[in-house]
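Peer 1: So for the sequence shown, numbering that gives the first Met the number 0 puts the first residue at 0; every next one is plus one.
Positions of the beta carbon are idealized from the N, C-alpha and C atoms, including for glycine.
The following block contains the structure, expressed as structure tokens.
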Amino acid sequence: MRGHFFNKPPNWLKFITPGLTWLLPNDDKIIYLTFDDGPVEKATPYVLDVLNDFKAKASFFVVGEMAEKNTALLQRMAASGHLIGNHTYKHLNGWKTPAQIYLKDVLKCQQFIDAIVPASSIKLFRPPYGRLTKTQMGILKKEYKIILCEKISGDFQPNLDFPRALRLLYETQTGDIVLFHDSIKCYQNLEILLPKFLAFFSERGYTFETLNMD
Ligand SMILES: [Zn+2]
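In structure tokens form, the structure reads like this:
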């Protein structure tokens, strides 16, 4: 997702959209990091290195056409124990795309992922911009866990106010799904936010896991 203006989705939104996952409540100090829009040479190797430094696992929602250009990075994600989710092939906006075209695009992304990395037991999908029509959602729900997020890092914002962004990020709680982007556009912010975030919560005894939702 990108282009969100709110840091935390309002509760009423969760109430009217059953079948979507915003967080995975637990008492075990587990945080779920997610990275959208990659993989890309400029950002993804950096993310993988930093995650490795903190022994953190994460879930990557890849854009099919990016993954196609960066097959080795997709393989490296999987080999490092991260989970790979579907973020459409062309980063489509569900509200602006007829259901049939949208679903074909999701399938194209999935076929590509499945051809490169071993299929995982659960299939994850995150709609670009958080936008899906009811029809699209109804069909995708049958095959995918649809993952949104509880905490938005703000890494996509130009001229990001770092102290404020970090203050908000440090309010993350156990079970929260946190959104970052491994994209060229977000790299400048990500490079600063991600290691600080990981250090802050590691020091406080948190661990970072993939969205294992069996
Ligand atoms: Zn996105």
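#1: I need the DSSP call for T134, collapsed to helix, strand or coil.
#2: Would you kindly work out how many angstroms separate the C-alpha atoms of Q99 and M136, rounded to a whole number?
#3: Can the beta-carbon of I145 be found closer than 9 angstroms to that of G18?
#4: Taking DSSP's pairing of strands, which residues face A57 in a bridge?
#5: Out of P117, R130, K122, state which residue places its alpha-carbon closest to the alpha-carbon of Y101.
#6: Would you kindly report the start and end of the unbroken beta strand (DSSP E) that includes I83?
#7: Which word fits P127, buried or exposed, when buried means at least 16 other C-beta atoms lie within 10 angstroms of its C-beta?
#8: Any heavy atom of ligand 2 closer than 8 angstroms to the Cβ of V62?
#9: If contacts are defined as beta-carbon pairs under 8 angstroms, then L123 and S58 qualify, I think. What distance do you get, rounded to the angstrom?
#10: Per DSSP, which one or two residues make a beta bridge with V177?
#11: So, for D154: in the same chain, excluding its five sequence neighbours on each side, which residues have a beta-carbon less than 7 angstroms away from its beta-carbon?
#12: Measure the alpha-carbon distance for D160 versus L167 and round it to whole angstroms.
#13: From the DSSP secondary-structure annotation, give me the bridge partner or partners of K144.
Peer 2: Let me lay it out:
#1: helix
#2: As the crow flies, the alpha-carbon of Q99 is around 12 angstroms from that of M136.
#3: yes
#4: L32
#5: Nearest neighbour of Y101 by Cα position, chosen from P117, R130, K122, turns out to be R130.
#6: Boundaries of the beta strand (DSSP E) harbouring I83: 82-85, taken from the DSSP string.
#7: buried
#8: Ligands present in the displayed structure are limited to ligand 1, and ligand 2 is not among them.
#9: 6 angstroms
#10: In the DSSP secondary-structure assignment, V177 is bridged to L32, K150.
#11: F179, H180, C185, N188, L189, L192
#12: 11 angstroms
#13: K144 pairs with L123.
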